[in-house]
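In our numbering, the protein residues as written are 111 to 648. As structure tokens, the structure follows; a few thoughts come after it.
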Ligand SMILES: Cc1cc2nc3c(=O)[nH]c(=O)nc-3n(C[C@H](O)[C@H](O)[C@H](O)COP(=O)(O)OP(=O)(O)OC[C@H]3O[C@@H](n4cnc5c(N)ncnc54)[C@H](O)[C@@H]3O)c2cc1C
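Written out as structure tokens, the structure reads:
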């Protein structure tokens, strides 16, 4: 005998659990199936303003106060101090050169800081995923989701009326008949494998490998580099990016002193770092620290809290994201690279979109029709391409800091414009949920990632050539001009010296770019400063 439910969701990362909870809140009968159990380690920790906006909209629409309270560092600390997190004030970048130590002042010149929030209270966070995902799965269960862990799925059959999932739980066979199935298994790709959805990895330009762990005892940048000039926020309380010849390193500091860190490395770098193809993560880590003295000073005495993990070819991309009776959440559909921290925001945007689709479907067929699923799939595919082009451009630009700092302005102009528009023109949120991620659908922003990648490749010739000074100046001038109609943050202004605070005065001055009057922007400033009162939750 099959058990029955309306919606089966496979995978209980935050995306699967939140999706399950939203659907249960709307009135669906949902089963959430997890291969492992919580709490458990997960990678993908650095949140962004767009992610937090999605959390806030989900909170308001579905009466989920915890989502609202987890959307800023200040509220999180006040309401959920037991869930570990890190303060993230912005995006910090340094360019390191082999053998150069802190006394070499090049690091100070090749430094880019972009504030994402005006103060700690409204700042973003790094999520300690073991705690956060556990929280969301508990809340899903409390909302009526039937959560089952330790499930080993072996089979999925889809027909016109629904899907049958088969597997084993704790040695006992399981058969579940659902009207619709959502795959939230990330790169595990459970459903994709059972449905034999073809790979479309050839659409993805980026290729990288990662080596990572959690550490304690990581030094602060200020402890290693004397007289680091003040930036718009303390450098370390951010998503810190160390750009190196081989790729880049992320470093995310949690409030309790643990740091999540990893190198993302290009295939070219791996071909010299591990020419025989056999990778010893510890030896790889040590070799990279030895090459870059400042990174060695930061991490040399740090202790990994779990064995270093090495993963080759972290990119994945499928040819389909949805079909009759099934769909994939973003991380099950595609992943590019940790650069620019796109994963959490993109996943939460999808939870919003799907909540809206199921709300519409509820009164009728109960599941979204093929046309609605196509809309979801088409947008996801365009966004996956856009993330990839931006990241691929960034890897080209890593050849020279000037190129990188200029290319990054396209990302920052896109996300800050979207964030401020979403904050100042709230509405019922549906419009923002369906707006394209990273400029998709915006006639000014959408073409820029592709054009930037092409221009960069003309300079680097795909061999990390740094080009001439004129090449770099020409590219930088092009970026400044290209973003001008969306540039509400003063990005690319040489007078800023690569240090970008949140500049409310400039924002007010540039109100027309947002299609708003000066008075409308001024009226919205309390919301931007996080001073708006908490919505009423039932
Ligand atoms: C190295 C690295 C760094 C990253 N850094 C960032 C970052 O800083 N910021 C950011 O926004 N994004 C980042 N990402 C992306 C981020 O990890 C994802 O966007 C995010 O984890 C997506 O969440 P999810 O819930 O969809 O999937 P996941 O977190 O992958 O969760 C999937 C869940 O499904 C379960 N599962 C898997 N297979 C099965 C199965 N067969 N049956 C049942 N359950 C199954 C897993 O156990 C897990 O609980 C990073 C990714 C990588 C690889």
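Built from N, CA and C at the ideal position, the CB exists for glycine as well.
Beta strand (DSSP E) segment containing residue i, residue limits
| i | result |
| --- | --- |
| residue 117 | 113-120 |
| residue 170 | Element bounds for residue 170: not the beta strand (DSSP E) but the alpha helix (DSSP H), 159-172. |
| residue 234 | 234-237 |
| residue 197 | 195-198 |
| residue 485 | Segment 480-507 is the alpha helix (DSSP H) holding residue 485; no beta strand (DSSP E) there. |
Spatial neighbours of residue i in its chain, beta-carbon cut-off 8 Å, leaving aside the 5 residues before and after
| i | result |
| --- | --- |
| residue 137 | 472 |
| residue 304 | 263, 265, 266 |
| residue 366 | 194 |
| residue 206 | 217, 352, 353, 354, 402, 404, 405 |
| residue 429 | 307, 308, 309, 310 |
| residue 223 | 200, 201, 202, 203, 341, 342, 343, 345, 348, 608, 609, 610 |
| residue 613 | 599, 600 |
| residue 636 | 642 |
Start and end residues, alpha helix (DSSP H) containing residue i
| i | result |
| --- | --- |
| residue 585 | 579-592 |
| residue 527 | 511-534 |
| residue 456 | 453-472 |
| residue 213 | Element bounds for residue 213: n/a, residue is neither H nor E. |
| residue 559 | 556-570 |
| residue 420 | From DSSP, residue 420 is part of no alpha helix (DSSP H) but of the beta strand (DSSP E) over 419-421. |
| residue 132 | 124-136 |
| residue 618 | 614-619 |
| residue 630 | 628-638 |
| residue 186 | 183-189 |
| residue 540 | 540-544 |
| residue 178 | 175-179 |
| residue 331 | 331-334 |
| residue 573 | No alpha helix (DSSP H) holds residue 573; DSSP gives it neither H nor E. |
| residue 395 | 391-401 |
Which residues DSSP lists as bridging residue i, in chain order
| i | result |
| --- | --- |
| residue 278 | 262, 283 |
| residue 369 | 325, 363 |
| residue 291 | 118, 436 |
| residue 358 | 353, 374 |
| residue 445 | 426 |
| residue 221 | 204 |
| residue 257 | 142 |
| residue 609 | 223 |
| residue 320 | 374, 421 |
| residue 414 | 325 |
| residue 273 | 268, 288 |
| residue 156 | 236 |
| residue 309 | 428 |
Pair within 8 Å by beta-carbon distance, residue i and residue j
| i | j | result |
| --- | --- | --- |
| residue 226 | residue 203 | no |
| residue 291 | residue 118 | yes |
| residue 630 | residue 566 | no |
| residue 179 | residue 172 | no |
| residue 408 | residue 461 | no |
| residue 221 | residue 608 | yes |
| residue 640 | residue 232 | yes |
| residue 443 | residue 492 | no |
| residue 236 | residue 157 | yes |
| residue 543 | residue 167 | yes |
| residue 451 | residue 439 | no |
| residue 336 | residue 212 | yes |
| residue 372 | residue 322 | yes |
| residue 130 | residue 288 | no |
| residue 531 | residue 624 | yes |
Neighbourhood of residue i by C-beta distance below 7 Å, restricted to the same chain and skipping five residues each side
| i | result |
| --- | --- |
| residue 579 | none |
| residue 551 | 545 |
| residue 581 | 569 |
| residue 502 | 315, 316, 563 |
| residue 560 | 499 |
| residue 478 | 467, 468, 471 |
| residue 241 | 149, 193, 194 |
| residue 334 | 212, 404, 407, 408 |
| residue 476 | 116, 289 |
Beta-carbon contacts of residue i that lie in its chain and below 6 Å, excluding the five residues immediately before and after
| i | result |
| --- | --- |
| residue 121 | 294, 295 |
| residue 524 | 548, 549, 555 |
| residue 465 | 132 |
| residue 350 | 202, 361 |
| residue 389 | 420 |
| residue 280 | 260 |
Residue i beta carbon near ligand 2 (any heavy atom closer than 7 Å)
| i | result |
| --- | --- |
| residue 304 | No copy of ligand 2 appears in this structure; the ligands present are ligand 1. |
CB contact below 8 Å: residue i versus chain D
| i | result |
| --- | --- |
| residue 354 | Here there is only one protein chain, and chain D is not present. |
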